[in-house]
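Protein chains in written order, with our numbering: chain A, 1 to 115; chain B, 116 to 229.
One structure below.
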Amino acid sequence: AQKITQTQPGMFVQEKEAVTLDCTYDTSDPSYGLFWYKQPSSGEMIFLIYQGSYDQQNATEGRYSLNFQKARKSANLVISASQLGDSAMYFCAMREGGTGNQFYFGTGTSLTVIP
Amino acid sequence: GAVVSQHPSWVICKSGTSVKIECRSLDFQATTMFWYRQFPKQSLMLMATSNEGSKATYEQGVEKDKFLINHASLTLSTLTVTSAHPEDSSFYICSASRSPYEQYFGPGTRLTVT
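See the structure below:
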């Protein structure tokens, strides 16, 4: 079974609007961490936001917020007030508590912001 | 803080030669470093995990003798692609971790084997 599933290969959003990128995960480990990374065309992986499985509140970092629904095993990324520079690939990732430091990545979502 | 560098950023080599890629954590000590491979428009594929001073743990299907990984210090790991072939052409990304809930990526190395 896939550890991380991103079902949206490509998404479009109008500039200044909000967009939600979906991510579901699969784990039986009670301790895990969820991450979102942005990869622009330059190739660099840029860390955006982190959510721990025991965190009570949804993580937020500036225009990024993580909609964490533990029972549904989803960790959607919400980008508010989209900017042209947000156009990139976005990857959801998970690290399980008992498996060392290995990260599992989803297949990614390509976001295009339309002016 | 938490900057990871990779060198070179791109390299072209002839088939049959070996290429070494360096990954350095510039401002922190990384207990674990990871090497990923990424094909165009695809996700990152973990190749191996390396801890300082010990042998790397390779993922299934990754040839240990072809992709040599050395993690000589807490700030440096190297990936050597031996006897490179055109099918080894790819984008190689390293990452460094100083705790279980962090992973900082290098800018990547684009390898082209002619």
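Idealized CB from N, CA, C, for every residue including glycine.
All values derive from a computational prediction rather than experimental measurement.
* **Interface partners of M94(A) on chain B, CB under 7 Å** => Against chain B, the beta carbon of M94(A) has no neighbour under 7 Å; the closest one sits roughly 11 Å away.
* Start and end residues, beta strand (DSSP E) containing V196(B) -> L191 to V196
* **Y151(B) classed as buried or exposed, judged by whether at least 16 other C-beta atoms fall within 10 angstroms** => buried
* Kindly say whether G10(A), judged by its beta-carbon, lies nearer than 8 Å to any beta-carbon of chain B. => no
* Anticipated Cβ contact below 8 Å, S214(B) with M148(B), distance rounded -> About 13 Å separates the two Cβ atoms, so there is no contact after all.
* Asked: If you draw a straight line from the alpha carbon of F105(A) to that of T172(B), how long is it in whole angstroms?
  -> 18 Å
* N-terminal and C-terminal residue of the beta strand (DSSP E) that L183(B) is part of -> Unbroken beta strand (DSSP E) run through L183(B): F182 to S188.
* Asked: Is Y207(B) close to chain A, meaning its C-beta is less than 8 Å from at least one C-beta of that chain?
  -> No - not a single Cβ of chain A is within 8 Å of the one on Y207(B).
* **Cα-Cα separation between S53(A) and T60(A), rounded to whole angstroms** => 15 Å
* Asked: Excluding five sequence neighbours on each side, which residues of the same chain lie with their C-beta closer than 6 Å to the C-beta of Q218(B)?
  -> S210 and S212
* To do: Measure from the C-beta of F68(A) to each C-beta in chain B and report whether the shortest distance is under 8 Å.
  => no
* Asked: the ligand PLP heavy atoms versus the CB of T172(B): any closer than 7 Å?
  -> Annotation note on the ligand PLP: not contained in the displayed structure, which lists no ligands.
* For L189(B), go through chain A and note every residue whose CB falls closer than 7 Å to its CB, in chain order. => Among the residues of chain A, none has a CB under 7 Å from the CB of L189(B); the nearest is roughly 14 Å distant.
* Taking 8 Å as the CB-CB cut-off, is Q175(B) touching chain A? -> no
* **Cα-Cα separation between K129(B) and Q69(A), rounded to whole angstroms** => 50 Å
* To do: Take A93(A) and list the residues in its own chain whose beta-carbon comes closer than 8 Å to its own, dropping the five residues that flank it on each side.
  => I4, L34, F35, W36, Y37, F103, Y104, F105 and G106
* Can you tell me the Cα-Cα spacing of S169(B) and P115(A), whole angstroms? -> 50 Å
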